[in-house]
Each structure stands twice: as C-alpha cells, then as structure tokens.
Amino acid sequence: MTYPVVHFTVRGVPDTASTGLGRPYTLVFDGQCRICNPLADVVRRWDRDQRIEVVPSQARGLMARFPWIPREAYGKAIQLVGPGGATWQGAAAVEQLLGILPRGRLIAWVFHVPGIRVLADRIYRWVARNRYRMGCGEHCVSRTVDVNWDG
Numbered sequence: 140m141t142y143p144v145v146h147f148t149v150r151g152v153p154d155t156a157s158t159g160l161g162r163p164y165t166l167v168f169d170g171q172c173r174i175c176n177p178l179a180d181v182v183r184r185w186d187r188d189q190r191i192e193v194v195p196s197q198a199r200g201l202m203a204r205f206p207w208i209p210r211e212a213y214g215k216a217i218q219l220v221g222p223g224g225a226t227w228q229g230a231a232a233v234e235q236l237l238g239i240l241p242r243g244r245l246i247a248w249v250f251h252v253p254g255i256r257v258l259a260d261r262i263y264r265w266v267a268r269n270r271y272r273m274g275c276g277e278h279c280v281s282r283t284v285d286v287n288w289d290g
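Using my numbering, read the sequence shown as starting at 140 and increasing by one per residue.
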C-alpha cells in the first residue's frame, strides 16, 4: 500500500519534515519538551551512519507525510517510522533505536531480559505522562496534560 505525500515549500525552501532526508528511519519527538530535546540530541550524536532523521512533532507537513499516525499519538509517545512505513512508539521505539544506533547496540541486550519490555513500557508511559512536570518549560504550565493511556 502506498500513501500520498504532499511536498510543502516555505519561502522557496522545501520543508524537510515533508520531503525527508532520504534516511531509512524517522524519529518524531515533542520538540517543545525539555526532556525530549536532549534525548533527540543523543540520537543525533550516536547516529554516526546518519540512518535516522530526527524531527519534532511540531514540524510542518508531518501529518501529510505519515497519515497513518493519529495526531494524538505524537502527544503520547515518540514515533519511529522505518522502511516500508513500519512504525513503533514509546518503549518499542526506544528498543528499535538501540538496535539501530551503533552505541545503542551495547545496551540493547537489556530488552531480551524476561519482563523488561513490560517494565520499560510502564516506565516510558509514566515519564511521558509526567514530562510536563519534570523540567519542561513555561509552555507546559499553560498546556493541559491530556495524555491518556489505555491499560
């Protein structure tokens, strides 16, 4: 199945969120979060092979580029989109990232320990729910925390 992609141009310059960088993976994170931004910087530094495009969820054209990801999903967790549109979110995205990043492979083994995937998912969801209380900026004070998790 193919998905139409809309290419946006702003003042004569193509928007990188809609056109991409030609990398096999795209990591989408909350670009306004003071916890997410440093972690996105770590991914950029560790990605020495430049396999991952790192894009804030506020980037233009994101919904057109990944129409199968609901808008509310971006507020709940990071999204990792891989070849063929395969998509992981939250702790599952972290697990995939660790397998892709050369330095991450050193610690990716931890996800093979029985019960770690469930624990990692719970920890991820707790941090995501509370990220606006943990070091986020002034924009978070006025923003309602509308992240609801099932289960």
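Note that the Cβ used here is the ideal one computed from N, Cα and C, for glycine as well.
Fill in: Bounding residues of the beta strand (DSSP E) (the contiguous stretch that carries residue 227)
226-228
Discussion item. Measuring CB atoms only, is the segment 217-224 touching the segment 167-182, in the sense that at least three cross pairs come out at less than 8 Å?
Written reply: yes
Item to complete: Drop a sphere of 10 angstroms on the beta-carbon of residue 161, count the other beta-carbons inside from all chains shown, and report buried for 16 or more, exposed for fewer.
Response: exposed
Discussion item. So, with DSSP's three-state summary, where would you put residue 166?
Written reply: strand
Practice prompt. Mark residue 200 as exposed unless 16 or more other C-beta atoms lie within 10 angstroms of its C-beta, in which case mark it buried.
Written response: buried
Worksheet entry | DSSP beta-bridge partners of residue 192 | 165
Item to complete: Look at the Cβ atom of residue 164, then the Cβ atom of residue 208, and state whether they are nearer than 8 Å.
Response: no
Practice prompt. Output the residue ranges of the alpha helix (DSSP H) runs that lie fully inside the segment 230-274 and measure 4 residues or longer, sorted by chain position.
Written response: 230-239 and 255-269
Item to complete: For my contact list, residue 183 and residue 193 are in at a C-beta cut-off of 8 Å; report their separation, rounded to the angstrom.
Response: 6 Å
Worksheet item: For residue 218, which residues does DSSP report across the bridge?
Response: 167 and 228
Practice prompt. Please look up how many angstroms separate the CB atoms of residue 264 and residue 229, rounded, as I've assumed it's under 8 Å.
Written response: 7 Å
Worksheet item: Between the C-alpha atoms of residue 246 and residue 206, what's the straight-line distance to the nearest angstrom?
Response: 32 Å
Fill in: Proximal residues to residue 284 (C-beta, below 6 Å), its chain only, five neighbours per side dropped
Any answer about residue 284 is weak, because its pLDDT of 46 lies below 50 and its placement is not dependable; what the coordinates show is given next. Excluding residues within five positions, the ones whose Cβ falls inside 6 Å are 271.
Practice prompt. Would you kindly work out how many angstroms separate the C-alpha atoms of residue 198 and residue 266, rounded to a whole number?
Written response: 23 Å
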